[in-house]
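>
Protein chains: 2
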Amino acid sequence: MTTTSPKGFRAAGVAAGLKASGGLDVAVVLNDGPRYDAAGVFTSNRVQAAPVLWSREVVRHGQVRAVVLNSGGANACTGAAGFQDTHATAEHTAAALGVGAAEVAVCSTGLIGERLPMPALLTGVTEALEKAETDGGASAAEAIMTTDSRPKNVAIAANGFTVGGMAKGAGMLAPGLATMLVVLTTDAVADASTVDTVLREACRLTFDRLDSDGCMSTNDTVLLLANGASGVAPSTKELAAAVTAACEDLAAQLQSDAEGSTKDIAIAVTNAATEADAVEVGRAVARSNLVKTAFFGNDPNWGRILSAIGTTRAAFDPDGIDVAINGVPICVGGAAGADRSTVDLSGRAVDVTIDLHAGDAAATIRTNDLSLAYVHENSAYST
Amino acid sequence: MTTTSPKGFRAAGVAAGLKASGGLDVAVVLNDGPRYDAAGVFTSNRVQAAPVLWSREVVRHGQVRAVVLNSGGANACTGAAGFQDTHATAEHTAAALGVGAAEVAVCSTGLIGERLPMPALLTGVTEALEKAETDGGASAAEAIMTTDSRPKNVAIAANGFTVGGMAKGAGMLAPGLATMLVVLTTDAVADASTVDTVLREACRLTFDRLDSDGCMSTNDTVLLLANGASGVAPSTKELAAAVTAACEDLAAQLQSDAEGSTKDIAIAVTNAATEADAVEVGRAVARSNLVKTAFFGNDPNWGRILSAIGTTRAAFDPDGIDVAINGVPICVGGAAGADRSTVDLSGRAVDVTIDLHAGDAAATIRTNDLSLAYVHENSAYST
């Protein structure tokens, strides 16, 4: 159930001293072939970490032999020196593996604005490369955790091939993408162009619709490595289904582990004029601090939902919006519906359905509540 | 120092039983002329409360004799019945004053989605009209408070004329406009078109640049009533300066009373390519929950500021951004500058300066931190 579930991948996580806690903080995922097709999707933030700038170039060639990841530092806003650190990490890994540095992707996560302790990192990489095993996915997933309370792994068994994956992310979760690192692996046979198509579609429908706190990261990276070791060449549709299922599973794990959260909120926008409208409305509601604090307080405050919908450009008639919370039609035609006391918000899962009555498109955005623990945790992060 | 500081205005606030606390909850501001020129600026939220829909039509004619305001209920998302309630309030007031209902603006604030208790409200309006006095501004300002901890009043003495005003607002503070009601009065002589021009410019530079929690209200209303009682006809520029000064003062009062806030944060964006770029960047930073929680924790986490800047479309080179916090150049050229321990964040005022090095435009956005008290207060609002 990890990145090493598909055939032909090895991984490891080691403690290199980057984290003050002494926990695992450097990971590698190695592709043993026979194919090395790969693709990546990166943050749309214009302030991009050095490893994002580097790995974007790597996947441009469509071939990845190894991924090196570290927690304990984002290597973002570190200037030319920070970029050289990433480059040196790739060179170091490539030399050990006897491959080209341009086939080594690098991912970092942690505090923005500080240089990485390079000697410790490179020593850790050497150790991780030595330890990499075909059942090493679990330790790799542990090594990329920051404020995550648990590692996040997945494996989807498909028709003759497997998709595995790991993710880290617990805050700065917002589209384009969430603050997260994800490495997906598959032993399916697929060329780099197909891998790219499949990964983009999967991200669009899963990670891009997770918006925990509206904050976009400088380091987001999702990589998919396909080595063909199963000998099975699925159709694009079949591969896309398995990869999307893996991403959906990891996205749900990210959501349920979001910093300080007490609710997993799914905002389903239905009968929108366009899918873009549905996404815009869902995202506006997901980003309203007043909506999020209300849910933290178990308060089905639908007025705040309508207020958030009203900030969008989506097609709707304000007097024609229905909102249901956990199945209770609390707002009908833009005004009060069922009594708010009939909504049960005691559980962690909250389902909000917004019917815009403006068409037949739909989308679901996933978010969390805004809790006292979120504020507490994020007001003391770098200190 | 209130709405009744300019000549020719009367006001009052009374307790009509709309607030559970028994406090003042209905206010009137009456214009005794000789002129009745007026203008209004309203929320850009597409979900608009009944009193906004009504008052927007009233000011379209440029003549306002009276403003009726209530706390204890927003009369938003209340459908056709809610609009009739607003209409009835205006009719009731107009009948008592012997004027047309189309000259009576109405403002409401409080919980969204519930009907107002009309008998109590109309009884309160009658009482407020009877009590309205030339020194009644203070009680009117008190009657429009919701979660405000104190009333907000202002008076600016200009060259032969005066601008007075009152505001309420403590949450849902975001552009277009803040969640607030503002009534400004002046005894200057100015036609309705000039009043409109002056008010829009003042709002653009003050209330529209206050973004406490990124949440936009359904009820925002800013009204300016000019009665010419001073006999002085200032130039448009002179009147604009006084009105903007009054708005600036009220905006600062709104910011300093924002729900649960412990910091007043001014984000000055300098050397932007355009003023729109400066506003976009300032607003993105002001809306980042991670920036806001960091300031609550007295943490000068400039990486989160850069991460927020990176989400905008403004012109800048990521490696060319400087950020100073309370005068300390903590980020230089997109990377670490002065040591973060040298930034003193112990006070309430925080000055963030972002130099984009992309032009010569500038704008300042004002916001607050995101505190435990904000979450606490907003998770228990309607219950």
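In order, the protein sequences belong to chains A and B.
For the first sequence, the UniProt record's numbering begins at 1 and goes up steadily by one.
For the second sequence, the UniProt record's numbering begins at 1 and goes up steadily by one.
Even for Gly, the Cβ is constructed at its ideal location relative to N, Cα and C.
Does the beta-carbon of P34 of chain B have 16 or more other beta-carbons within 10 angstroms, so that it is buried, or is it exposed?
By the 10 Å Cβ count, P34 of chain B comes out exposed.
> Is E114 of chain B close to chain A, meaning its C-beta is less than 8 Å from at least one C-beta of that chain?
Interface residue, yes.
> Using a Cβ-Cβ distance under 8 Å, would C203 of chain B count as near chain A?
No, C203 of chain B does not count as interfacial toward chain A.
> List the residues of chain A whose Cβ lies closer than 7 Å to the Cβ of I309 of chain B, in chain order.
Within 7 Å Cβ-Cβ: V47.
> Ignore the nearest five residues each way along the sequence and tell me which others in D148 of chain A's own chain have a CB closer than 8 Å to its CB.
If we look at D148 of chain A and ignore the five residues flanking it on each side, its Cβ neighbours are K168, G169, A170 and D257.
> Please decide whether G137 of chain B counts as near chain A, where near means a Cβ-Cβ distance under 8 Å.
Answer no: the Cβ-Cβ gap between G137 of chain B and chain A never drops below 8 Å.
> Pull up the CB-CB distance for residue 426 of chain A and T146 of chain A, whole angstroms please, since I reckon it's below 8 Å.
Summary: the structure shown does not reach residue 426 of chain A, with chain A confined to residues 1 through 383, and so no result is reported for it.
> Confirm, please, whether the CB-CB distance from A240 of chain A to A362 of chain A is below 8 Å.
Contact: no.
> Tell whether a beta-carbon distance below 8 Å holds between G62 of chain B and D32 of chain B.
No; because the gap between Cβ atoms is not below 8 Å, this pair is not in contact.
> Relative to the C-alpha of R46 of chain A, which candidate in B:D360, B:S371, B:T342 and B:P318 has its C-alpha closest?
For the residues B:D360, B:S371, B:T342 and B:P318, the minimum Cα distance to R46 of chain A belongs to B:P318.
> With a Cβ-Cβ cutoff of 8 Å, do R366 of chain B and L210 of chain B count as a contact?
Result yes, Cβ atoms of R366 of chain B and L210 of chain B sit closer than 8 Å.
> From E130 of chain B to F295 of chain B, what distance separates their C-alpha atoms?
C-alpha separation (whole angstroms): 48 Å.
> Which residue's Cα is closest to the Cα of Y374 of chain A: A:T262, A:L306 and A:V154?
The option with the nearest alpha carbon to Y374 of chain A is A:T262.
> Could you tell me whether the Cβ atoms of G17 of chain B and A143 of chain B are closer together than 8 Å?
Going by C-beta atoms, G17 of chain B is not nearer than 8 Å to A143 of chain B.
> Rounded to the nearest angstrom, what separates G320 of chain B and E259 of chain B at their Cα positions?
When rounded, the distance between both Cα atoms is 35 Å.
> Which residues in the same chain have their Cβ closer than 8 Å to the Cβ of A246 of chain A, if we skip the five residues on either side of it in sequence?
Closer than 8 Å at Cβ, skipping near neighbours: V154, A155, I156, V163, G164, G165, L184 and A202.
> Residues of chain B with CB closer than 8 Å to the CB of V375 of chain A, please, in chain order.
Result: T293, F296, L370, S371, L372, Y374 and V375.
> What does the alpha-carbon distance come out to for the pair N301 of chain B and A74 of chain A?
Cα to Cα, N301 of chain B sits roughly 13 Å from A74 of chain A.
> So which of A:K237, A:T78, A:R304 and A:I265 has the shortest CA-CA distance to T197 of chain A?
Closest by alpha carbon: A:K237.
> Taking buried to mean at least 16 other C-beta atoms within 10 Å of its own C-beta, is P119 of chain B buried or exposed?
P119 of chain B comes out exposed.
> DSSP on S256 of chain B, reduced to helix/strand/coil?
Looking at S256 of chain B - three-state DSSP - the assignment turns out to be helix.
> Using beta-carbon positions only, say whether T4 of chain A and C107 of chain A come within less than 8 Å of one another.
No, Cβ-Cβ distance for T4 of chain A and C107 of chain A is not below 8 Å.
> Is the stretch 334-341 of chain A in contact with the stretch 247-256 of chain A, if contact means three or more CB pairs nearer than 8 Å?
The stretch 334-341 of chain A, when compared against the stretch 247-256 of chain A, does not touch it at the 8 Å Cβ threshold.
> Please confirm whether E103 of chain A and R65 of chain A have their CB atoms less than 8 Å apart.
Their beta carbons are under 8 Å apart, which means E103 of chain A touches R65 of chain A by this criterion.
> If I'm right that A101 of chain A touches E91 of chain A with Cβ under 8 Å, what's the distance once you round it to whole angstroms?
Correct: roughly 5 Å between the Cβ atoms.
> Assign E114 of chain A to one of three DSSP states: helix, strand, or coil.
It is coil, neither helix nor strand.
> Taking L345 of chain B as the reference, which of B:T311, B:G297 and B:A336 has the closest Cα?
Measuring from the Cα of L345 of chain B, the nearest candidate turns out to be B:G297.
> Can the beta-carbon of D299 of chain B be found closer than 8 Å to that of S71 of chain A?
In this structure, S71 of chain A does not lie closer than 8 Å to D299 of chain B by Cβ.
> How should R10 of chain B be labelled, buried or exposed, when 16 other C-beta atoms within 10 angstroms of its C-beta is the threshold for buried?
Buried, by the Cβ-count rule.
> Which of the three DSSP states, helix, strand or coil, is assigned to T3 of chain B?
DSSP places T3 of chain B in coil when its eight states are reduced to three.
> Going by alpha carbons, who is nearest to T93 of chain A out of A:A27, A:A39 and A:E133?
Closest option to T93 of chain A, Cα to Cα, is A:A27.
> Going by the DSSP bridge assignment, what does S108 of chain B pair with across the sheet?
BP columns for S108 of chain B point to B:N70.
> Examine chain C for any beta-carbon lying closer than 8 Å to the beta-carbon of G165 of chain B, and answer yes or no.
Judged by its chain identifiers, the structure shown contains no chain C, and its protein chains are A and B.
> Checking contacts by CB at 8 Å: is T221 of chain A closer than that to chain B?
Taking Cβ atoms only, chain B never reaches closer than 8 Å to T221 of chain A, which makes this a no.
> So that I know if they touch, is there some Cβ in chain A lying closer than 8 Å to that of H334 of chain B?
Note on residue identity: the sequence assigns Gly, not His, to residue 334 of chain B. Chain A contact via Cβ: present.
> Which residue's Cα is closest to the Cα of L69 of chain B: B:T274, B:D187 and B:V125?
For the residues B:T274, B:D187 and B:V125, the minimum Cα distance to L69 of chain B belongs to B:V125.
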